[in-house]
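These notes concern the structure reproduced below.
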Amino acid sequence: MKSRKINYKVIPWLLMVMSIFLFTGCQGDENSILPQVNKPPVEKKEELEVFILPDEVLEVTATTKWVKDDTLHPESKLSLVSEEYNSYLMVLEDKKEDFPLDMELPYYVQLISENLKKDLEEGQISEVKDTQVTGENGKLFDVSGKDGSMEIVYKYLITEKDDSFYQVILWSSKENIETNQAYYENIIISPEFRAVSTQS
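In this text, residue positions in the sequence shown follow our numbering: the first is 965, and each later residue adds one.
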């Protein structure tokens, strides 16, 4: 399947306006009907769209070209698919109680990235960069490699809050990711923790 290159701006349709003149021998003929002109459909503008986890702890901003797909991963807190862009995103949550007490964010990142690298042919891990997610520490990195004949890039944002680690994973073909870096970067850095109401 060929990767589709993403357009950052939605190109408006160029509609041809046709002026049709009807010449008849009888002026003012009420039975004269202009032929119907079928216009091409207007492409819907791609806009930002916020997707919220069911427990409302975290939100991710993608676009209207993405839709929820609960079949992507059985343990995913949020799964998004863009068929048009051949791209996928999911959010996974791991409870800290399932790990040794000394499991801190850097070690968790190393564990996740190394495991994925082993599953890919010619797997590589990019430099891990520090970031913030609504005041909480986070890590950004890529894991790339081959899955059969397909070169894939997995973009990761890993963060933590209270008693959980969160993985935000976005993946597509290497061609898509490299050609449209800004598009995918804006999505992977978009997650924010939401203020959970304590009111009963």
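Cβ coordinates follow ideal geometry from the N, Cα and C atoms, glycine included.
{"Check": "Per DSSP, cross-strand counterpart(s) of N1101", "Outcome": "Q1096"}
{"Check": "Contact under 7 Å by Cβ, G1087 with K1081", "Outcome": "yes"}
{"Check": "Chain-order list of residues whose beta-carbon lies under 7 Å from that of S1043 (same chain, five-residue window excluded)", "Outcome": "K1032, D1033, D1034, L1036, H1037, M1054"}
{"Check": "Cα-Cα separation, I1133 to K1008", "Outcome": "27 Å"}
{"Check": "Supposed contact pair I1089 and F1105 - C-beta distance, whole angstroms, cut 8 Å", "Outcome": "6 Å"}
{"Check": "Closest by C-alpha distance to I1152, when choosing among S1128, I1122, E1020, E1142", "Outcome": "I1122"}
{"Check": "Rounded distance between the beta-carbons of E1023 and E1156, thought under 8 Å", "Outcome": "6 Å"}
{"Check": "First through last residue of the beta strand (DSSP E) which encompasses T1143", "Outcome": "Segment 1138-1143 is the alpha helix (DSSP H) holding T1143; no beta strand (DSSP E) there."}
{"Check": "Own chain, CB closer than 8 Å to F985, minus 5 neighbours either side, in chain order", "Outcome": "At F985 the pLDDT is 25, less than 50, meaning the model places this residue with poor confidence and gives no usable figure here."}
{"Check": "Distance between L1069 and Y1130 (C-alpha atoms, nearest Å)", "Outcome": "10 Å"}
{"Check": "DSSP three-state assignment for L1053, whether helix, strand or coil", "Outcome": "strand"}
{"Check": "Per-residue burial, A1146 [other beta carbons within 10 Å of its own, 16 or more giving buried]", "Outcome": "exposed"}
{"Check": "Contact set for K1041: own chain, Cβ-Cβ below 6 Å, skip 5 residues either direction", "Outcome": "L1017, V1055, E1057"}
{"Check": "Where the alpha helix (DSSP H) containing K1082 begins and where it ends", "Outcome": "1069-1083"}
{"Check": "Beta-carbon proximity check, R1158 vs E1020, cutoff 7 Å", "Outcome": "yes"}
{"Check": "Test item: CB-CB of K1059 and S1154 under 7 Å", "Outcome": "no"}
{"Check": "Where D1169 falls: helix, strand or coil (DSSP)", "Outcome": "The chain is shown only over 965 to 1164; residue 1169 falls outside these bounds and no answer can be derived."}
{"Check": "Rounded separation between E1149 and W1030 - CA only", "Outcome": "15 Å"}
{"Check": "Min CB distance K1009 to chain B below 7 Å", "Outcome": "You won't find chain B in this structure, because it holds only one protein chain."}
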